[in-house]
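Structure first, then comments.
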Amino acid sequence: MPQLILKAGLLLLLFVLSFYSIELSFVVSVLVLLISITKSISFNILISSLLLLCIVFIGIVSSYELKHPFYEFLKDNIYFFRPVTVLTATYFSVKRIKSQNFVFNALVFVALLFAVNHLYKIIININNIDSYIYLRNLGGKQNHIEAIALVFLFFTPYVTLFSRYRKLIIFVLLASFVLYLSRTMFIILFIYFLGYKGYLFLNKRFVKAIFIFAFVGAMFGFIVTNIETNRDSKGLKAFIYKTQNSLTELFEPIDAENILKDRRALWEHWRAYEAVKAIDQVNSNGFKAWVIGMGFGSQIELDTYVNLDGKKFTKVPSIHNGFINILFKTGVLGLVCYVFFIFHIFAIHQKILNEDKNISLMHKLIIASSLYILVNSFVINGIFRPGEFSIFLYGALVASKYKFKNNIIPFSY
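Heads up: the sequence shown begins at 734 in my numbering, then just goes up one per residue.
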């Protein structure tokens, strides 16, 4: 396959992943996979793909004889199968592109376009910004490609086509990054910093990293929770109030019946509420639902309504907590596969025996990617979320490790 087609395919995949379209990114990833696939595949990518395919298989089996709408069933198949196509398409295309730096340059280029567009929207609307909510709506709640671009710029040896303007690029990306006001994006960058420093290997430094993470988290929590705010706060305090609430939203026990009496309280505990409703539904459907889930096409009954895209919904096909979402669709068996998928990425790259420093760096960043997936799975549905780049990055890093190991034209354009 000509290099130009492979490069165009990978660049297109980067663009569509940033558009938050499950269907579009699925179609493009399948096309990229078809033009780039080879007979040989990394053992790690193979195991990861098989674990994800097991989740798909369980979801299909658990749907047997259930009367879910075919359209919803098809959507869930695409939703759960897409990470496999994105992972393998990225791996094979990066592996076959001769340039070691192309994936780096392409990702930084696409991220820079989104950052410039984000900052432009903020500048032209500067006089209208009256709350952090309005500010976040200008560019979306987050854009993880910008976080990954900063990971590449800060923590990898790649040289960029734009090396003369490297500092300016970092400044633009950082400015946009900060103005998303995304807590998850800050955590992601911190995780990769720990990985780059070697704190995520299972040794004494890992224990040190846990203490560092716990200390930073505790200090941040102490400072934030001691700032006086309420649900009617404005400006920066409104953002701080949301941050305070997020510290308990995921795990705080809730009384669903009382929360429904006050919709403001409902939104403040929304992630916990939807997770509770999903578990209640599984529990009410007995042993089979716990083992293999409610099946593809099933939806979470909310016992209330939510406004999405100007329409009212009383049930939703997925929820924020990726672990509970998988449990709901595919039961404990599917959840075990997903946990093993994350653990596999984390554990298999722990051991390094006298390897090249670039390969060692790939190991560090791959391990950090497993924690990236773990964190995202609690708050924004993990690898199944539209616009998710952790699975892309994992495939790209494993392919890059292969190229370093086999000395395939390192650092060429």
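In this text, a Cβ means the ideal position worked out from N, Cα and C, and glycines have one as well.
Own chain, CB closer than 7 angstroms to residue i, minus 5 neighbours either side, in chain order
i: residue 885; result: 837, 840, 841, 891
i: residue 888; result: 925, 929, 1098
i: residue 1114; result: 1051, 1053, 1055, 1058
i: residue 797; result: none
i: residue 736; result: 830, 831
i: residue 744; result: 839
Residue closest to residue i, alpha-carbon to alpha-carbon, out of the options
i: residue 910; options: 849, 867, 857; result: 849
i: residue 873; options: 861, 912, 1045; result: 912
i: residue 1020; options: 1060, 1002, 932; result: 1060
i: residue 1010; options: 855, 1036, 1030; result: 1036
i: residue 1109; options: 1062, 1096, 1052; result: 1052
i: residue 763; options: 800, 781, 814; result: 814
i: residue 821; options: 921, 1127, 1016, 934; result: 1127
i: residue 799; options: 1137, 832, 1062, 1100; result: 1062
i: residue 1003; options: 905, 906, 1040, 1105; result: 1040
i: residue 777; options: 804, 1132, 1006; result: 1132
i: residue 947; options: 780, 1066, 927, 1022; result: 927
i: residue 1103; options: 755, 781, 742, 767; result: 781
i: residue 1138; options: 917, 1090, 896; result: 1090
Residue j beta carbon less than 7 angstroms from that of residue i
i: residue 1068; j: residue 1098; result: no
i: residue 1026; j: residue 1064; result: yes
i: residue 788; j: residue 825; result: no
i: residue 1111; j: residue 810; result: no
i: residue 827; j: residue 747; result: no
i: residue 854; j: residue 868; result: no
i: residue 812; j: residue 862; result: no
i: residue 1066; j: residue 793; result: no
i: residue 1105; j: residue 921; result: yes
i: residue 1015; j: residue 1033; result: no
Spatial neighbours of residue i in its chain, beta-carbon cut-off 6 angstroms, leaving aside the 5 residues before and after
i: residue 816; result: 785, 1116, 1124
i: residue 1038; result: 1045, 1047
i: residue 829; result: 739, 769
i: residue 823; result: 1125, 1128, 1129
Expected contact under 8 angstroms - CB spacing of residue i and residue j to nearest Å
i: residue 1134; j: residue 1092; result: 6 angstroms
i: residue 876; j: residue 847; result: 6 angstroms
i: residue 1081; j: residue 1107; result: No, residue 1081 and residue 1107 are not in contact; Cβ-Cβ is about 15 angstroms, not under 8 angstroms.
i: residue 1017; j: residue 801; result: That belief does not hold up - the Cβ atoms of residue 1017 and residue 801 are roughly 16 angstroms apart, past 8 angstroms.
Close Cβ partners of residue i (< 8 angstroms) along its chain, the five nearest in sequence each way excluded
i: residue 750; result: 758, 819, 878, 1120, 1121, 1122, 1125
i: residue 1148; result: Residue 1148 cannot be examined here, being either before or after the span of the chain that is shown, 734 to 1146.
i: residue 941; result: 932
i: residue 939; result: 932, 933
Residue-level contact to chain D via CB, residue i, 7 angstroms cutoff
i: residue 905; result: No chain D appears in the structure shown, which is made up of a single protein chain.
If you scan the region 783-845 from start to end, which runs of the alpha helix (DSSP H) of 4 or more residues do you find wholly inside it?
803-829
In chain order, each alpha helix (DSSP H) run of at least 4 residues that lies wholly inside the region 875-905
Given a length threshold of 4 residues, each whole run of the alpha helix (DSSP H) inside the region 875-905 is given here in chain order: 877-888.
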